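**Student:**
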Ligand code: NI
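In my numbering, the protein residues as written are 3 to 181.
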């Protein structure tokens, strides 16, 4: 069990286009995922992308592995390991909602995302994943996969009057937060 250091915004490694995973069901891949789970749990994150711990691979984890004090009222998302993902919007409806990011500690911003998406990819064993989702689940997937294309959520904020410090915007959440 290893909790890895989470890179913060400003680190050039967060801006890369990540490389596809080619070797599934390997010891190295399983170890990396264990470290990512430990790191996400320790930080009470809703998700984590490999580039956030400096690993240049198209691998994200997200979902409710257990109750998350950072998002106590959010609907649950199935715990997922998603590799080499693609995202396709369904329709053109966007929704804006608040997001935070372990690489942007202490801040929240309102971010527009596709309301409905279909996403595909593989799990750690190389088995295909294909889901059609909406709402918070769709938001989490778009946020995490953005890390694989070198995008952090502040790059998608359109209205900077809705971007600020968690402790000011949401004092009740900030009390539960590690970052
Ligand atoms: Ni993030």
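Don't be surprised by glycine CBs; every beta carbon is placed ideally from N, CA and C. Since this is a predicted model, take the numbers as computed values, not measurements.
What residue range is occupied by the uninterrupted alpha helix (DSSP H) comprising residue 130?
**Tutor:** On the chain shown, residue 130 is found 128 positions in, with the first residue counted as 1. Not the alpha helix (DSSP H): residue 130 falls in the beta strand (DSSP E), residues 130–136.
**Student:** Buried or exposed: which applies to residue 33, given that a residue is buried once 16 or more other Cβ atoms fall within 10 Å of its Cβ?
**Tutor:** The residue labelled residue 33 in the question sits at position 31 within the chain shown. Burial call: exposed.
**Student:** Nearest CA to the CA of residue 155: which residue from 122, 114, 130 and 171?
**Tutor:** Position 153 of the chain shown, counted from the first residue, corresponds to residue 155. Considering only alpha carbons, the answer is 114.
**Student:** Between 128, 80, 99 and 52, which has its C-alpha nearest residue 21's C-alpha?
**Tutor:** Here residue 21 refers to the residue found at position 19 when the chain shown is read from its first residue. Among 128, 80, 99 and 52, the Cα nearest to that of residue 21 is on 52.
**Student:** Which partner residues of residue 89 appear in the DSSP bridge assignment?
**Tutor:** Walking along the chain shown from the start, residue 89 turns up at place 87. DSSP lists 121 as partners of residue 89.
**Student:** Quick check: the Cα distance between residue 17 and residue 149, rounded to an integer number of angstroms?
**Tutor:** In the chain shown, residue 17 corresponds to position 15, counting from 1. In the chain shown, residue 149 corresponds to position 147, counting from 1. Computed Cα separation, rounded: 8 Å.
**Student:** Could you have a look at residue 127 and say whether DSSP puts it in helix, strand or coil?
**Tutor:** By 1-based counting over the chain shown, the position of residue 127 is 125. Coil, per DSSP.
**Student:** For the ligand NI, is there a heavy atom less than 7 Å away from the beta-carbon of residue 105?
**Tutor:** Position 103 of the chain shown, counting from 1, holds the residue named residue 105. Yes.
**Student:** Return yes when the C-beta of residue 149 is under 7 Å from any heavy atom of the ligand NI, and no when it is not.
**Tutor:** Here residue 149 corresponds to residue number 147 of the chain shown, with the count starting at 1. The answer is yes for residue 149.
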